[in-house]
Amino acid sequence: MKAYGLIGYPLTHSFSEKYFNEKFTAEQIIDCTYKLYELPELSAFPALVKSIPDLHGLNVTVPHKEKVMPYLDAVETEARKIGAVNVIKVENGKTTGYNSDYQGFRQSLLNFYPVNADAQALVLGTGGAAKAVLAALDSLNIPYQIVSRRPQPGQLDYEALTPAVIQACSLLVNATPLGTYPNVASCPPIPYEALSERHYLYDLVYNPAETLFLRKGREAGAKIKNGHEMLVRQAEVAWDIWNS
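To get the numbering used here, take the position in the sequence shown, counting from 1, and add 27.
Here it is in structure tokens:
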């Protein structure tokens with residue numbers, strides 16, 4: 028039986044577990060299992076890999092997407108460039124890291140946002156998911172500014188998000204966990220009153236389907252999209268990686 032699973036902490040809810048088990052049932056894949064492996068400390072990762080019989084692959088979620096890289100035998104070039112891994116292929120006892128978030132977000136964004144000469148983005152957050160977003164924006168030649176609670180040189184803090192800054196950027200991407208269930212009353216602290224029908228709000232959060240960030244955008248007339256399609260697309264990319 029080929030084993031797959033998800034590592035992260037905490038794993039109170041998982042899109043991946045539901046998605047892959049439903050995929051196995053729907054496609055009559057009877058020789059595969061998918062389980063959750065809560066991993067509070069990454070130092071336990073090597074022992075976990077050795078303890079799972081016939082392990083073929085793992086997904087990686089917060090907070091381990093960046094810190095898992097030194098524990099792997101190899102990291103694919105694109106994932107190393109991004110600086111985050113969310114897919115691990117296990118083959119002949121060797122672990123190789125990949126990033127399917129980048130491809131999932133890129134494919135999903137192209138179905139939502141009109142990429143043109145006026146494209147300009149604000150990316151809220153600086154974690155592993157944000158790094159995949161930035162790589163996708165780079166590949167599409169979409170200029171962006173990064174917003175962080177603890178900004179590095181060249182980045183903005185939330186206090187710098189004036190109405191003029193918001194109005195200059197037609198795409199806003201929430202790559203933070205703010206608004207994720209059960210903390211549905213939270214959202215990034217931006218001047219929502221500056222949003223209009225020319226804005227596109229993309230939230231990587233998928234649970235709930237409409238976060239407070241997206242609801243405020245919708246109420247201002249903006250187009251909105253949650254992270255569900257990105258998750259589906261990155262999961263299929265992961266499946267292709269494991270079976271290549």
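Don't be surprised by glycine CBs; every beta carbon is placed ideally from N, CA and C.
* **Pairwise C-alpha distance: residue 115 and residue 101** => Here residue 101 is taken as the residue at index 74 of the sequence shown, counted from 1. Here residue 115 is taken as the residue at index 88 of the sequence shown, counted from 1. C-alpha separation (whole angstroms): 10 Å.
* Between residue 46 and the rest of its own chain, which residues show a CB-CB distance below 8 Å, the 5 nearest in sequence each way excluded? -> Counting from one through the sequence shown, the residue named residue 46 turns up at place 19. Contacts found: 258, 259, 262.
* Residue nearest to residue 199 in terms of C-alpha spacing, selected from 181, 218, 68, 211 -> Here residue 199 refers to the residue found at position 172 of the sequence shown. Of the candidates 181, 218, 68, 211, the one whose C-alpha sits nearest the C-alpha of residue 199 is 218.
* Asked: Going by C-alpha distance, which of 216, 255, 221, 210 is nearest residue 229?
  -> In the sequence shown, counting from the first residue as 1, residue 229 sits at position 202. When only C-alpha atoms are compared, the closest one is 255.
* To do: Tell me, to the nearest whole angstrom, how far the beta carbon of residue 38 is from that of residue 85; I am working on the premise that it is less than 8 Å.
  => Here residue 38 corresponds to residue number 11 of the sequence shown, with the count starting at 1. Here residue 85 corresponds to residue number 58 of the sequence shown, with the count starting at 1. With 8 Å as the limit, residue 38 and residue 85 do not qualify as a contact, their Cβ atoms being about 12 Å apart.
* Could you round the C-beta distance between residue 140 and residue 227 to whole angstroms and report it? I think they count as a contact, below 8 Å. => As a working mapping, residue 140 is identified with position 113 in the sequence shown. As a working mapping, residue 227 is identified with position 200 in the sequence shown. Between residue 227 and residue 140 the Cβ distance is about 5 Å, and since that is below 8 Å, they are a contact.
* Asked: Should residue 222 and residue 249 be called a contact, given that it needs their Cβ atoms to be closer than 7 Å?
  -> To locate residue 222, count along the sequence shown from 1; it is residue 195. To locate residue 249, count along the sequence shown from 1; it is residue 222. In contact: residue 222 and residue 249 (Cβ atoms closer than 7 Å).
* State the DSSP-derived secondary structure class of residue 165, mapped to helix, strand or coil. => As a working note, residue 165 is residue 138 in the sequence shown. It is helical.
* Look at the Cβ atom of residue 157, then the Cβ atom of residue 171, and state whether they are nearer than 7 Å. => Counting from one through the sequence shown, the residue named residue 157 turns up at place 130. Counting from one through the sequence shown, the residue named residue 171 turns up at place 144. For residue 157 and residue 171, no; Cβs fall outside 7 Å.
* Entirely enclosed beta strand (DSSP E) segments - the segment 125 to 190, minimum 3 residues -> 148 to 151, 171 to 174
* To do: Determine contact between the segment 41 to 56 and the segment 64 to 83, defined as no fewer than three beta-carbon pairs at a distance below 8 Å.
  => no
* Would you kindly work out how many angstroms separate the C-alpha atoms of residue 183 and residue 214, rounded to a whole number? => As a position in the sequence shown, residue 183 is number 156, starting the count at 1. As a position in the sequence shown, residue 214 is number 187, starting the count at 1. Spanning the two alpha carbons is a distance of roughly 17 Å.
* **Strand pairing of residue 32, partner residues [DSSP]** => Against the sequence shown, residue 32 aligns to sequence position 5. Per DSSP, 62, 85.
* Asked: Counting only beta-carbon atoms, is residue 155 nearer than 7 Å to chain C?
  -> Going by chain labels, chain C is absent from the structure shown, which holds only one protein chain.
* Asked: If you follow the alpha helix (DSSP H) that residue 109 is part of, which residue opens it and which one closes it?
  -> Stepping through the sequence shown from its first residue, residue 109 is reached at position 82. First-last of the alpha helix (DSSP H) with residue 109: 104 to 109.
* Got a sec? Which residues, its chain only, sit under 6 Å from residue 244 by beta carbon, not counting five neighbours each side? -> Sequence index remark: in the sequence shown, residue 244 carries index 217 (1-based). Counting only Cβ-Cβ distances below 6 Å, and skipping sequence neighbours, we find 222, 228, 251.
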